[in-house]
Amino acid sequence: MGWNDHIQEHERRIAKARAMGSPKRLAERSEAGNLNARQRIEALLDPGSFHESGLFAVSRQPDMADRSPADGVVDGYGRIDGREVIVCAQDFTTLGSSSAVNNGRKSMKMWQTAEKNGVPFVYLSECSGARIPDIMGAVGMGSIGEGFIFSRRRLVPWADAVLGMSFGGGTWVASVSDFVVMRKGAVMAVTSPRVNTVAISEQIDPEEMGGWRVQTEITGKADMAVDSDEEALQAVRNYLSYLPSNCEELPPMADVPTGSGDEANRILDLVPEERRRTYDVRKVIRLIVDRDSMFPIKERFGRSLVTCLARIQGRTVGIIANNPMFKGGALDVDSCDKATSFIATCDSFNVPLIFLADVPGFLIGVEGEHKKVPGKIMNFMQALELATVPVLSVVMRKSYGQAYINMGGGRSDEMACWFTADISFVDPAVAASIVTGLDPKTEPERFAAAVEDYSLGCSPYDLAGQYMAHDVIDPRDTRQWLARMLEAHQRRRTGGIGAHHMQSWPFTY
Amino acid sequence: MAEIEIKSEIAGKVWLIEAGVGQTVEEDDAVIILESMKMEIPVAAPVSGKITEILVEKDEAVAEGQTVARMEG
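Residue numbers (the working numbering), protein chains in the order written: chain A, 1 to 509; chain Y, 510 to 582.
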């Protein structure tokens, strides 16, 4: 065999491995407007930066080796905005990218390398579930059991784009990722509808089981839903732009866009002075942060609380803000879970936290109790207590009871109140009703007098007078105050690297 | 045009009815305003479209998840 024979054979093998599944399947995807695994990697990474690992891997089953290029998962090294990342893309056209021994070995190697080398790990999920020939029998199950190790700690950011039907392994990875974006039409679930039907005789609509609405609105497992593969991959790029490559680094600084903060005066037009009236806090956040830098996390889940990444003077921050637009801003079970997971992520990657409080309290009642609301409130509180990143808080209007504390009251490195702030245990009208037993309909004057009594001593100046708030500010100065306090509260002794007490917290509550 | 139920996401009392039958609304426009948690809390249209039915009256108690109006969108 001469050199030319070697070269030709090598090139034939490369072409075959890169060809993925059948041309018919690839064409069907293309017609449906969906990218294949290799196109997705191209769209995700900086041009020309991909270097593949495991191109020549095939199925462990000898009779399937010939039709399992790369064993159905395209893995390798690349760059996003010039920064190194590791990526695994499931190739659904090859045996449904079913989870098997050799592609499991590939994925394990990639995410362990990402953690060892301190670079973000990106997974593109589209998986039919376990590969039955590989996993069947004692040896099959034993091999899979040995091969998959899920002991993730938040050492490097994990981002997952769910871009099609994703069952089994594709879903496990998404479930332990820091950020999950779904393409609308994709599904994320434990097993396929077919397996469900066989197992429990239930006919299931996949969208109803784990579609984007379920995962963004009911479970909160997906942080975002978009219309196309391209948008999902861009969302992953955007997400990673806010975070460091690993927990031992600081988030990258960005340029400050021209015009940032120019519309701060509009805050007074957006926020009603009357505390009963609602508004959308997302509009307020956009005026405070660097222009176009607000990146919402779980926007459709637990909507009475907004969590988002953003930048102030080019510095990444994690913002937690009550949104009176939904449920009056009252904190419920979902919004507590949302806050807890967001605090754990930000603290793990050295992202300072900013609380914007306008909260009437926790949403109490039978349903909340049945859903373990006390434990959820304390999880949220525990996360805040364990955080070692700088914590700043701003009380915008009302902030009552335990919710005041959860929103950073008395737990912040620096706390300012807007001059509209109103701090107490409960709304004065509630206190008047509970303590006096007066009915406002039958005794309006006495009731009004009682409300007046309980309204005394609730002002921001009362709090600042005891130095329990550190400043009282004009709402229009919020951006300036935050920018200055972010500088003042940098953790210089550790170079801004936190203790990361929540690194191994669960990813679902 | 699909019929869509507009549901309250919080328990409360109907304080204002902002939209009438036949009225065109945009997504996130307030259809009903509830009083709850000492706040005026809007029940918003989930999509843009036309209101076809209002199912509650002023001062009526509303449960979480209750359908308060219907619309075509």
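We treat Cβ as the ideally placed atom computed from N, Cα and C, and that holds for glycine.
- Taking a C-beta cut-off of 7 angstroms against chain A, the contacting residues of the region 534-559 of chain Y are SER545, MET546, LYS547, MET548, GLU549, ILE550 and PRO551, listed in chain order.
- In this chain, LEU463 of chain A is not harboured by any beta strand (DSSP E); it is covered by the alpha helix (DSSP H) spanning 460-465.
- For GLY329 of chain A, the nearest CB of chain Y lies under 9 angstroms from its own CB, placing it at the interface with that chain.
- Runs of the alpha helix (DSSP H) lying entirely within the region 361-416 of chain A, each at least 4 residues long, are 366-370, 373-386 and 401-406 in chain order.
- Think of a sphere of 8 angstroms around the beta carbon of ASP290 of chain A: no beta carbon from chain Y falls inside it, the nearest being about 25 angstroms out.
- Put simply, the CB of ARG277 of chain A is near chain Y, with a gap under 9 angstroms to one of its CB atoms.
- Counting C-beta pairs closer than 8 angstroms gives three or more between the region 253-270 of chain A and the region 283-290 of chain A, which meets the contact rule.
- Among the residues of chain Y, those whose CB is under 8 angstroms from the CB of GLU367 of chain A are GLU573, following chain order.
- Around ASP427 of chain A, the beta-carbon contacts reaching into chain Y at under 7 angstroms are LYS547.
- In the structure shown, the three-state DSSP call for ARG38 of chain A is helix.
- In the DSSP assignment, TRP158 of chain A is bridged to A:PHE121.
- In this structure, the beta-carbon distance from GLY457 of chain A to ALA387 of chain A does not fall below 9 angstroms.
- For MET188 of chain A, the enclosing beta strand (DSSP E) starts and ends at 187-189.
- Straight across, the Cα-Cα distance linking PRO157 of chain A with SER245 of chain A is about 7 angstroms.
- Counting the other CB atoms within 10 Å of its CB gives ILE41 of chain A a total of 16 or more, which places it among the buried residues.
- Pairing TRP111 of chain A with ILE86 of chain A, the inter-Cα distance amounts to about 8 angstroms.
- Of all residues in the region 351-362 of chain A, those with a C-beta nearer than 8 angstroms to a C-beta of chain Y are PRO360 and GLY361, reading in chain order.
- DSSP, read as helix, strand or coil, puts ARG311 of chain A in strand.
- Within the region 219-249 of chain A, the runs of alpha helix (DSSP H) that reach at least 4 residues and sit entirely inside it are, in chain order, 229-241.
- Residue contact with chain A for ILE563 of chain Y: absent (no Cβ-Cβ distance below 9 angstroms to any residue of chain A).
- Taking C-alpha positions only, THR494 of chain A is separated from HIS500 of chain A by approximately 12 angstroms.
- DSSP, read as helix, strand or coil, puts ILE497 of chain A in coil.
- Put simply, the backbone Cα of VAL256 of chain A is about 17 angstroms away from that of LEU243 of chain A.
- Taking the Cα positions, MET546 of chain Y is about 20 angstroms away from ASP537 of chain Y.
- By alpha-carbon distance to VAL101 of chain A, the top candidate from A:ARG38, A:SER260, A:GLY129 and A:GLY76 is A:GLY129.
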